[in-house]
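First the structure, in the form of structure tokens, and then the observations on it.
Numbering (our numbering), first residue to last: 103 to 305.
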């Protein structure tokens, strides 16, 4: 996982060189590139061309909305760039695009909960993703980037999952409920419960 092009400067495009190096020389194991902010600052034709090279090289891209929304664009007071990579161009080219969190409650990102649902919600708002697509970026696509098999709740799938108390997938992304159960190989390994109380007003 190479953290690269964490800049709004369009003249910096190390991702393209990485794709060419991987294509020309090969690489044992999976290759991922994180941030890739400057790709989002390129004209559409350059985005498409670089994305095609990235996909052809088998490189996965990990966008990090929490960190880059906080860090990028501070010197651009008008129409401030969001600091995200060219997600749609990469998807159109067939590249795997996951979403994660590079920094949590440190000088590079003062907030954050290390919660994939928080990251998914940011991808809905800042990345123009639908909730189901944003959730996929922090779940099965992230598993694919790490070389893990997807979990589709079918017989034979690994029972590695988080059960969330929500009425729907959209509701889970929107509310990020704290009531959850974490299962590893079918065994409950962690749980959290959220209680809400509404007090009766005094008469």
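Note that beta-carbon positions come from the ideal geometry of N, C-alpha and C, so glycine has one too. For clarity, every value in this text was computed on a predicted model and none was experimentally measured.
In the DSSP assignment, residue 171 falls within the alpha helix (DSSP H) that extends over 167 to 173. Here residue 136 is buried: its Cβ has 16 or more other Cβ atoms, across all protein chains shown, within 10 Å.
According to the DSSP secondary-structure assignment, residue 208 is paired through a beta bridge with 211.
In this structure, the CA atom of residue 258 is about 43 Å from the CA atom of residue 173. Minimum Cα-Cα distance from residue 230 among the listed residues 213, 188, 103 corresponds to 188. Under the Cβ criterion (8 Å, minimum of three pairs), the stretch 197 to 208 counts as touching the stretch 152 to 166. The C-alpha of residue 266 is placed about 28 Å away from the C-alpha of residue 170. Residue pairing by DSSP places residue 105 opposite 136 in a beta bridge.
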